[in-house]
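Enquirer: Residue numbers (the numbering used here), protein chains in the order written: chain A, 2 to 215; chain B, 2 to 215.
Attaching a single structure in structure tokens format; questions to follow.
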DNA sequence: CCCACTTTGTGCGTGCTTTCACAAGCGCGT
DNA sequence: ACGCGCTTGTGAAAGCACGCACAAAGTGGG
């Protein structure tokens with residue numbers, strides 16, 4: 002389920018606050034979901050709650066981490082060291098969650114050799130070698146749209162079966178390869194769409210009703 | 002529908018290639034969806050296809066743009082000018098799609114006054130004033146998690162009803178306010194989850210079967 | 001030991017989304 | 001003018017996710 006990471010984040014926040022047990026109701030509200038849905042999700046990975054009490058935070062953190070595969074280390078390679086690639090390389094949030102940036106690659110020779118986030122940028126010609134020697138299993142593509150498909154194909158042929166794509170194109174990959182796409186323009190467009198519907202439909206201003214959960 | 006922006010992107014790619022008309026089948030495969038779904042989506046905004054021929058690319062681009070509200074200009078404010086905030090500010094893809102970065106804000110006085118992407122970074126205390134004078138209707142939050150809720154609340158009280166949140170927290174906002182969340186760690190965790198399932202389930206290597214659509 | 005209270009786990013109805021499959025419509029060649 | 005092939009638009013079926021509501025299970029107090 003795609004919601005497990007959200008639960009995990011909420012649980013870790015609770016853990017930092019020293020909470021030992023949590024009810025499905027409380028956790029659900031922290032994660033922004035329905036409590037029945039949360040209980041059903043958790044029951045799918047085996048039942049770890051105690052009726053009348055709730056869930057033990059620490060144990061649940063461990064169970065979800067294991068289910069998500071975060072108990073092992075994942076080596077990540079980023080291709081395309083522009084603004085976004087650099088931002089990702091410097092983002093600290095990955096290391097603490099089982100992900101390690103293992104390599105930075107770019108097609109621009111002027112970029113190669115630069116030191117970004119304590120890593121030397123290497124030329125994309127070394128992709129296959131880097132994947133092999135560093136054991137890369139997740140590829141991140143932050144290239145311009147035109148280059149993305151080529152990089153994806155090379156990743157797949159090098160044995161990388163998980164790709165996170167920031168380029169605004171739909172990637173063609175063989176069956177069995179997992180691609181997730183993050184497109185910032187599309188997110189904005191969806192917001193604009195809803196904003197316009199609000200404006201079209203009715204004349205009332207921005208909602209100021211009582212504070213509600215998402 | 003959340004798929005319209007994807008269709009739009011595919012259509013614009015076709016337009017650049019000089020294509021005049023496109024069948025639902027071809028467009029669907031370019032957008033990575035089922036053709037029946039695409040036809041149903043398009044029929045919901047009125048029918049613009051010709052049986053036996055397909056859809057006129059240019060007209061469809063216009064219709065979808067209008068439906069998404071991209072014929073008007075949306076002013077965007079970015080709060081939190083760290084690596085990611087800077088990357089977004091410098092990303093050129095927004096301007097061409099009806100979005101204009103109107104202001105950059107940060108809480109760190111050392112950051113205030115710096116020039117990023119031809120804009121002066123202003124202190125977050127000016128948020129309300131900036132929203133008013135620049136007509137900001139979309140807020141982007143790229144602050145640390147701890148600051149995100151406060152910024153969101155100020156955005157809402159200033160009249161911004163559309164928020165794009167990159168901070169790893171669930172935002173509490175009143176009804177009627179639209180929040181979209183992009184969490185890079187969560188995307189990686191979902192990839193890791195699937196990668197592990199592949200590894201658990203069976204001993205066969207990475208799929209190398211015939212080329213397939215997503 | 002029993003009872004009242006809390007919280008989990010889940011069966012079931014409901015509504016939405018996706019997909020199939022096909023009739024209706026359009027253009028082109030003859 | 002006519003028929004053939006291609007493509008749209010949509011009714012109907014299947015699948016899925018969501019959330020209610022309740023039985024089962026555990027806790028703590030008297």
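The beta carbon of each residue, even a glycine, is placed where N, CA and C say it ideally should be.
These numbers come from a predicted model, not from an experiment.
With a cut-off of 9 Å, does the C-beta of residue 211 of chain B fall near any C-beta of chain A?
Expert: Taking the first residue of the second chain as 1, we reach residue 211 of chain B at position 210. In this prediction, residue 211 of chain B scores a pLDDT of 35, lower than 50, which makes its location untrustworthy; no coordinate-derived value is stated.
Enquirer: What three-state label does DSSP hand residue 45 of chain A in the structure shown?
Expert: Here the question's residue 45 of chain A lines up with position 44 in the first chain. Here residue 45 of chain A sits in coil by DSSP.
Enquirer: Between residue 192 of chain B and residue 163 of chain A, how many whole angstroms is the CB-CB distance? I'm expecting something under 8 Å.
Expert: Taking the second chain and counting its residues from 1, one reaches residue 192 of chain B at position 191. Taking the first chain and counting its residues from 1, one reaches residue 163 of chain A at position 162. Indeed they touch by this definition, with Cβ atoms about 4 Å apart.
Enquirer: Short of 8 Å Cβ to Cβ, which residues in the segment 87-101 of chain A face chain B?
Expert: Hits within the stretch, in order: 87, 88, 89, 91, 92, 94, 95, 98, 99 and 100.
Enquirer: Please report the distance separating the alpha-carbon of residue 189 of chain B from that of residue 4 of chain A.
Expert: Along the second chain, read from residue 1 onward, the residue named residue 189 of chain B stands at position 188. Along the first chain, read from residue 1 onward, the residue named residue 4 of chain A stands at position 3. Going by the C-alpha atoms only, they are around 13 Å apart.
Enquirer: Hey, residue 91 of chain B and residue 118 of chain B are a contact pair by Cβ (cut 8 Å); roughly how many whole angstroms apart?
Expert: Within the second chain, numbered from 1, the residue matching residue 91 of chain B stands at position 90. Within the second chain, numbered from 1, the residue matching residue 118 of chain B stands at position 117. The pair is a contact, with the Cβ atoms about 5 Å apart (cut-off 8 Å).
Enquirer: Residue 217 of chain A CB to nearest chain B CB: under 9 Å?
Expert: This structure leaves residue 217 of chain A out entirely; chain A is present only between 2 and 215.
Enquirer: Less than 8 Å between C-beta atoms, sequence neighbours within five positions excluded: which residues of the same chain meet that for residue 11 of chain A?
Expert: If you number the first chain from 1, residue 11 of chain A lands on position 10. Excluding positions up to five away in sequence, the list reads 28, 31 and 32.
Enquirer: Mind checking which residues open and close the alpha helix (DSSP H) that includes residue 60 of chain A?
Expert: As a working note, residue 60 of chain A is residue 59 in the first chain. Here the alpha helix (DSSP H) through residue 60 of chain A covers 58-69.
Enquirer: Taking 9 Å as the threshold (C-beta atoms), are residue 103 of chain B and residue 77 of chain B in contact?
Expert: Here residue 77 of chain B refers to the residue found at position 76 of the second chain. Here residue 103 of chain B refers to the residue found at position 102 of the second chain. Against a cut-off of 9 Å, the Cβ pair of residue 103 of chain B and residue 77 of chain B comes out as a contact.
Enquirer: Using a Cβ cut-off of 7 Å, pull out every chain B residue sitting near residue 199 of chain A, in sequence order please.
Expert: Position 198 of the first chain holds residue 199 of chain A. By Cβ distance, chain B contributes 162.
Enquirer: Around the C-beta of residue 179 of chain B, are 16 or more other C-beta atoms found within 10 angstroms, so that it is buried, or is it exposed?
Expert: As a first step, residue 179 of chain B is located in the second chain; it is residue number 178 there, counting from the start. Classification of residue 179 of chain B: buried, given that the 10 Å Cβ count is 16 or more.
Enquirer: Smallest Cα separation from residue 149 of chain B: which of B/100, B/88 and B/79?
Expert: Mapped onto the second chain, residue 149 of chain B falls at position 148. The shortest C-alpha separation from residue 149 of chain B is found at B/79.
Enquirer: Tell me, please, whether the CB atom of residue 119 of chain A is closer than 9 Å to any CB atom in chain B?
Expert: Position 118 of the first chain, counting from 1, holds the residue named residue 119 of chain A. It does not; no Cβ of chain B falls within 9 Å.
Enquirer: Suppose contacts are defined by Cβ-Cβ distances below 9 Å. Is residue 142 of chain A in contact with residue 115 of chain A by that definition?
Expert: Locating residue 142 of chain A in the first chain gives position 141, counting from the first residue. Locating residue 115 of chain A in the first chain gives position 114, counting from the first residue. Going by C-beta atoms, residue 142 of chain A is not nearer than 9 Å to residue 115 of chain A.
Enquirer: Compare the C-beta of residue 215 of chain B against all C-beta atoms of chain A and say whether one is closer than 9 Å.
Expert: Here residue 215 of chain B refers to the residue found at position 214 when the second chain is read from its first residue. Its pLDDT being 32, under 50, residue 215 of chain B is placed unreliably in this model, and the coordinates cannot settle the point.
Enquirer: Pull up the distance between the alpha-carbon of residue 14 of chain A and that of residue 170 of chain B, whole angstroms please.
Expert: Numbered from its first residue, the first chain carries residue 14 of chain A at position 13. Numbered from its first residue, the second chain carries residue 170 of chain B at position 169. The straight-line gap from Cα to Cα measures roughly 10 Å.
Enquirer: Taking the beta carbon of residue 204 of chain A as the centre, do at least 16 other beta carbons fall within 10 Å, making it buried, or is it exposed?
Expert: By one-based count along the first chain, residue 204 of chain A stands at place 203. Interpretation of residue 204 of chain A is limited by its pLDDT of 45, a score under 50 that renders its predicted location unreliable; no figure is taken from the coordinates.
Enquirer: What residues in the segment 183-197 of chain A bring their beta carbon closer than 8 Å to a beta carbon of chain B?
Expert: Under the 8 Å Cβ criterion, the segment 183-197 of chain A contributes 183, 184, 185, 186, 187, 188, 189, 190, 191, 192, 193, 194, 195, 196 and 197.
Enquirer: Does the separation of the CB atoms of residue 89 of chain B and residue 194 of chain A fall below 9 Å?
Expert: Position 88 of the second chain, counted from the start, is the residue given in the question as residue 89 of chain B. Position 193 of the first chain, counted from the start, is the residue given in the question as residue 194 of chain A. The answer is no: Cβ separation not under 9 Å.
Enquirer: I'd like to confirm the pairing. Which residues does DSSP put opposite residue 101 of chain B in its beta bridges?
Expert: Taking the second chain and counting its residues from 1, the one referred to as residue 101 of chain B is at position 100. Looking at the DSSP assignment, residue 101 of chain B forms a beta bridge with B/76.
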